[in-house]
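Taking it in order: structure first as structure tokens, then the write-up.
2 protein chains.
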Amino acid sequence: MSIHPFDSAIELAHEAPDRWHGRTSEDYWNMVSPYGGVTAGVMMQAMLRHPERRGTPLSFTLNFLAPIERGEFVVDTELVRANRNSQHWAVRLAQGGKVLAQAIAICAARRETWGKVEAARPEVPPAEQCAVAPPRKPDGFLQRYEFRIVRGKPFAVNEDSLSHVWVADNPPRPLDFASLTALCDSFLPRIFLHRPDFVPIGTVSINIYFHAGPDALARQGAAPLLAVAQAQAFSDGHFDHHGHVWSTDGTLLATTQQLVWYKE
Amino acid sequence: MSIHPFDSAIELAHEAPDRWHGRTSEDYWNMVSPYGGVTAGVMMQAMLRHPERRGTPLSFTLNFLAPIERGEFVVDTELVRANRNSQHWAVRLAQGGKVLAQAIAICAARRETWGKVEAARPEVPPAEQCAVAPPRKPDGFLQRYEFRIVRGKPFAVNEDSLSHVWVADNPPRPLDFASLTALCDSFLPRIFLHRPDFVPIGTVSINIYFHAGPDALARQGAAPLLAVAQAQAFSDGHFDHHGHVWSTDGTLLATTQQLVWYKE
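Top to bottom, those sequences are chains H and Y. Just so you know, we're using the working numbering here: the first sequence kicks off at 1015 and counts up by one. Just so you know, we're using the working numbering here: the second sequence kicks off at 1015 and counts up by one.
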């Protein structure tokens, strides 16, 4: 069995204690730099693989500082503080000594408490009843995801930017925290749900809250996730969106928001 | 004219090039440590006052690592990268050499582009027609805000955690980015809109996207802001919320989310 392209893309060599060496992947290339989701996945993976890491991801925020070039990069992980049940991390990715992405993250032990899911999962047909969207590009990271669009027509003037999309790794791959992190950046940039023509864009910040633990991810396996997102505002060269990622069985796995630069 | 308590609380002495010295404020004290919003305001202020800072805040994410004790603290600001139109910062607050809060932030030049506000401002009566809520506590930071609750009864079992609240600094103070940052943490913790009794809670991460520039803040002055928030999920000891902050004239000033630890 060959290695999955996502596993190749997030492969890291550890230089103890806190440095990791990786290489950009052509499979996840996006125009001028790697797909932001795979960069997020790489930085998450460095933290997850750190021998001192305890607990599972709770919060992860990544800011993109400048384009990453093809080739090697280093990731530096810093355990800034460890409490009894949680850990605070800072993670930076650099090339040639220049920091190109910086993240802060929290890992924590999950524990049983009173709970309630207040977000409403939209009523949509099951993934297998929805057509797979034809790839928007012949190569690069868009080949690495299978999208089944239920609501929100890409590159069109929709009444709003709300979209419902079934999304899965392609080829299928059992879900883990690194791939869920990457999937949280797979939402179509919201501006393309309002405007029919291409506009240069780039994510500058992505934030993810993880609402479920490893058991829920294991139950999901490689099945499609339901990704829901909507913009709040487009103004002065930046827009945001707020999104939900649901498992097939209706568990809210993550909420995510991001801020995106756009040209005009 | 005496200095406003918020200005006292965020007062910093600069130790060039990148260190700032401050002191906790009794006016913004909250049980075991300062109100998280004033800590966020202090860290924002250090970045804003930095001589190398260009542009205005765009994105700000702060993770709380451990309680801050009464007394002096230092804030270290690092300009990680400056691009032509944006800057990336990392900010840390420490006492006795221990990091207690870490933030990453982006400042950028705002520029005119196509725009659209997609979030809907709820229909609510003007602030002056809404009663000021009696202070929940006799001292501490809750005295420093005036809340007019339109929707969402505190410490009650509501049908959902959606709240609409007019909020203003008390005494009134013209809005700026530091106070807007602080106000983004003034939302009632969502668990108290589902459960009638007190539960120990603590914010672990707050994220803010700024959708308006200094002109909109200047127009707002010291008038009450409309703060809208709702939780997405409560699970395994943490809950989140997603919020909007609107100016009196209906401008979306900020979207914000946070993740909060709760005991049971």
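Glycine included, each C-beta is placed from N, C-alpha and C at the ideal position. Note that the structure is a prediction, hence the values are computed from the model and not measured.
Think of a sphere of 9 Å around the beta carbon of TRP1128(H): the chain Y residues whose beta carbon falls inside it are ILE1205, HIS1208, ARG1209, VAL1213, PHE1248, TYR1276, GLU1278, in chain order.
SER1193(Y) sits in a helix when the DSSP states are folded into three classes. Against THR1053(Y), chain H offers no close residue; the least beta-carbon distance is about 15 Å (beta-carbon pairs closer than 8 Å). Measuring C-alpha to C-alpha distances from ILE1205(H) to each of ASN1184(H), ILE1222(H), PHE1169(H) identifies PHE1169(H) as the nearest. At least one CB of chain Y lies nearer than 8 Å to the CB of GLY1251(H). Contact check for GLY1251(Y) and THR1127(H): beta-carbon distance about 5 Å, within the 8 Å limit, so the pair qualifies. Distance from the CA of TYR1223(Y) to the CA of PRO1210(H), rounded to the nearest whole angstrom, comes to 26 Å. Spatial neighbours of ALA1192(H) in its own chain (CB-CB distance under 7 Å, excluding positions within 5 residues in sequence) are listed in chain order as ILE1024, GLY1055, MET1058, GLN1059, LEU1062. With a 10 Å radius around the Cβ and a threshold of 16 neighbouring Cβ atoms, SER1016(H) comes out exposed. The C-beta of PRO1139(H) has fewer than 16 other C-beta atoms within 10 Å across all chains shown, which makes the residue exposed.
Annotation: the continuous alpha helix (DSSP H) that includes ASP1229(H) extends over 1228-1234.
Counting along the chain, PHE1020(H) sits inside the alpha helix (DSSP H) bounded by residues 1019-1023. At a cut-off of 8 Å between beta carbons, GLY1227(H) contacts chain Y. Considering only LEU1107(Y), PRO1031(Y), VAL1181(Y), the residue with the shortest C-alpha distance to ARG1037(Y) is LEU1107(Y). By the neighbour-count criterion, in which a residue is buried when 16 or more other Cβ atoms sit within 10 angstroms of its Cβ, GLN1234(H) is buried.
When the five nearest sequence neighbours on each side are left out, no beta carbon in the same chain lies closer than 7 Å to the beta carbon of GLN1143(H). Here PHE1212(Y) is exposed. Its C-beta has fewer than 16 other C-beta atoms within 10 Å.
GLU1126(H) sits in coil when the DSSP states are folded into three classes, being neither helix nor strand. In this structure, the CA atom of GLY1129(Y) is about 5 Å from the CA atom of PHE1248(H). Taking C-beta atoms as the reference points, THR1070(H) and ASP1254(Y) fail to come closer than 8 Å. Under the criterion of beta carbons closer than 8 Å, ILE1120(H) and ASN1077(Y) qualify as touching, at roughly 6 Å.
Boundaries of the beta strand (DSSP E) around ARG1106(H): 1100-1109. By the criterion of a C-beta distance shorter than 6 Å, ALA1245(H) is surrounded in its chain by SER1175, ARG1204, PHE1253, HIS1255, once the five residues flanking it on both sides are discounted. Under DSSP, ASP1090(Y) takes part in a beta bridge, and its partners are ARG1033(Y), ARG1106(Y). Here HIS1102(Y) has VAL1094, ARG1095, ILE1120 as same chain residues with Cβ atoms under 7 Å from its own Cβ, once five neighbours each way along the sequence are excluded.
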